[in-house]
Amino acid sequence: MNEETKHGDSIPELTLRPAGECRWDVLSLGEVMLRFDPGEDRIVGARSFRVWEGGGEYNVARGLRRCFEQRTAIVTALVDNPIGRLVEDLILQGGVDTSHILWRVFDGVGNASRNGIYFLERGFGVRPGTGVMDRGHTAISQLAPGQVDWDTIFGTEGVRWFHTGGIMSALSESTTEVVREAMTAARRHGTVISFDCNYRASLWSTRGGRQGAVAINRSLAPLVDVLFGHEGDLVATAGLHSHGPAWHTLPSFTEMAGRMSAEFPNLKVIASTVRDPRSASRNGWGGFASTQGRAYEGIHFSELDILDRVGGGDSFAAGLIYGLLHHKGLKWSLDCGIAHGALAMTTPGDASRMRLHEVESLMSGKQRNTIR
1 MNEETKHGDS
11 IPELTLRPAG
21 ECRWDVLSLG
31 EVMLRFDPGE
41 DRIVGARSFR
51 VWEGGGEYNV
61 ARGLRRCFEQ
71 RTAIVTALVD
81 NPIGRLVEDL
91 ILQGGVDTSH
101 ILWRVFDGVG
111 NASRNGIYFL
121 ERGFGVRPGT
131 GVMDRGHTAI
141 SQLAPGQVDW
151 DTIFGTEGVR
161 WFHTGGIMSA
171 LSESTTEVVR
181 EAMTAARRHG
191 TVISFDCNYR
201 ASLWSTRGGR
211 QGAVAINRSL
221 APLVDVLFGH
231 EGDLVATAGL
241 HSHGPAWHTL
251 PSFTEMAGRM
261 SAEFPNLKVI
271 ASTVRDPRSA
281 SRNGWGGFAS
291 TQGRAYEGIH
301 FSELDILDRV
311 GGGDSFAAGL
321 IYGLLHHKGL
331 KWSLDCGIAH
341 GALAMTTPGD
351 ASRMRLHEVE
361 SLMSGKQRNT
371 IR
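Letter 34 of the sequence shown, counting from 1, is numbered 34 in UniProt numbering, and no numbers are missing.
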């Protein structure tokens with residue numbers, strides 16, 4: 001009995017290239033920034049910061065490498081100065097391959113190109129987290145079609161799964177086209193493609209806001225196999241209400257996923273987290289996933305204590321991708337993503353520092369005081 005039959009929720013149309021034919025299990029495309037973390041202090045009063053590397057698409061590759069021991073690589077661009085080399089060193093510590101980083105010449109002050117940084121205080125209780133981005137005119141935002149040899153990466157080297165998302169798409173008009181170019185090449189070579197819509201209002205403020213993001217997502221959706229997002233990412237008038245997600249029950253998520261699949265029948269899997277914030281440091285946490293007209297609700301944490309919520313959704317994506325890469329079935333993969341995301345939010349920094357056995361232990365329900 002194979003893994004898909006055993007778990008009872010196979011995904012017939014999700015065809016993966018054999019691992020032996022590919023250098024990479026997962027390749028991500030996206031920006032990697034340097035995060036300045038004041039710890040328990042506030043940004044305005046901090047006199048020291050701890051630094052981490054982070055980026056929505058990169059965090060998925062790092063989680064898959066460190067927690068799930070997959071062969072991962074990142075396509076990104078950095079300016080070749082000490083800050084860029086620090087980011088590279090942090091990526092190397094995470095185990096993600098750096099051979100596809102594009103290095104740009106530093107002009108001494110950053111007029112031509114620079115590396116992105118951001119400051120983030122985690123928040124606690126009634127004090128929300130606060131972030132300050134400083135990512136304008138970065139090296140990756142200037143990346144243009146034709147600058148990456150995708151046919152060598154997907155064809156000669158071989159990639160089983162390609163992951164990118166709405167953050168990379170939002171950086172500039174040219175990066176939107178790089179995403180399209182990469183996804184087209186991945187599809188040409190039989191690589192499974194996942195896309196995390198990951199809407200960020202600050203990134204879309206000069207490109208049409210939510211409606212601008214929806215228009216781009218809709219243009220890219222026909223190239224996607226596995227979508228992390230919801231109907232509000234594809235339909236400007238749908239998805240979010242003032243009281244929270246409109247798909248917080250399995251029947252409502254099933255209906256929403258059905259509408260999305262009807263319009264975009266190429267979507268093999270649709271998955272979304274559901275977060276119910278009680279405070280900055282305590283959330284409800286769970287998720288749903290759908291395939292072939294069947295929807296599943298994953299394990300649910302009604303009261304999840306959070307140290308650092310950044311990267312929880314990326315860790316969710318990493319766990320679900322791992323399960324699908326190994327034919328675990330959609331319900332198992334969904335639970336893996338939720339558990340991995342929950343654990344990732346108990347440690348500082350954007351990226352997961354968990355191991356597979358810890359994720360599986362939490363999935364088994366051994367901590368019943370936090371799972372209902």
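The beta-carbon is built from N, C-alpha and C at its ideal position, and this holds for glycine as well.
What's the gap between the Cα of residue i and the Cα of residue j?
i	j	result
residue 104	residue 360	41 Å
residue 42	residue 154	44 Å
residue 165	residue 251	27 Å
residue 191	residue 348	33 Å
residue 290	residue 38	39 Å
residue 117	residue 355	28 Å
residue 270	residue 237	19 Å
residue 241	residue 272	In this predicted model, residue 241 has a pLDDT of only 44, less than 50, meaning its place in the structure is not dependable enough to derive any value.
residue 89	residue 95	10 Å
residue 22	residue 45	49 Å
residue 351	residue 72	14 Å
residue 61	residue 29	9 Å
residue 149	residue 101	12 Å
residue 244	residue 24	With a pLDDT of 46 at residue 244, under the threshold of 50, the modelled position of that residue is not reliable, and the figure given next carries that caveat. Answer to the nearest angstrom: the Cα atoms are 38 Å apart.
residue 146	residue 128	42 Å
residue 346	residue 309	8 Å
residue 307	residue 281	6 Å
residue 200	residue 365	33 Å
residue 119	residue 274	25 Å
residue 122	residue 302	21 Å
residue 266	residue 221	8 Å
residue 362	residue 93	26 Å
Taking only heavy atoms of the ligand FAD into account, decide whether any of them is closer than 7 Å to the Cβ of residue i.
i	result
residue 199	Among the components of this structure there are no ligands whatsoever, and the ligand FAD is therefore not found.
I'd like the span of the alpha helix (DSSP H) that includes residue i, first residue to last.
i	result
residue 316	312–325
residue 177	173–188
residue 168	166–170
residue 216	209–220
residue 361	356–363
Could you name the residues of the same chain whose beta carbon sits closer than 6 Å to that of residue i, not counting the 5 residues immediately before and after it, in chain order?
i	result
residue 341	312, 315 and 316
residue 84	78 and 115
residue 323	332, 333 and 336
residue 27	73, 159 and 162
I'd like the span of the beta strand (DSSP E) that includes residue i, first residue to last.
i	result
residue 251	Unbroken run through residue 251 is the alpha helix (DSSP H), 250–263; no beta strand (DSSP E).
residue 34	33–37
Is there a Cβ of chain C sitting closer than 8 Å to that of residue i, yes or no?
i	result
residue 284	Note that chain C does not occur in the displayed structure, where there is just one protein chain.
Within its chain, find whatever has a CB closer than 7 Å to the CB of residue i; leave out the 5 residues flanking it on each side and keep chain order.
i	result
residue 259	231
residue 358	343
residue 13	268
Could you name the residues of the same chain whose beta carbon sits closer than 8 Å to that of residue i, not counting the 5 residues immediately before and after it, in chain order?
i	result
residue 15	190 and 192
residue 325	16, 25, 26, 70, 160 and 161
Three or more C-beta pairs under 8 Å: does that hold for the stretch 71–86 against the stretch 133–143? yes
Tell me the start and end of each unbroken alpha helix (DSSP H) in the stretch 51–120 that is at least 4 residues and wholly inside, in chain order. 56–66 and 82–93
Taking the runs of the beta strand (DSSP E) that are 3 residues or longer, which of them lie wholly in the stretch 265–310? 269–279, 282–291, 294–297 and 301–305
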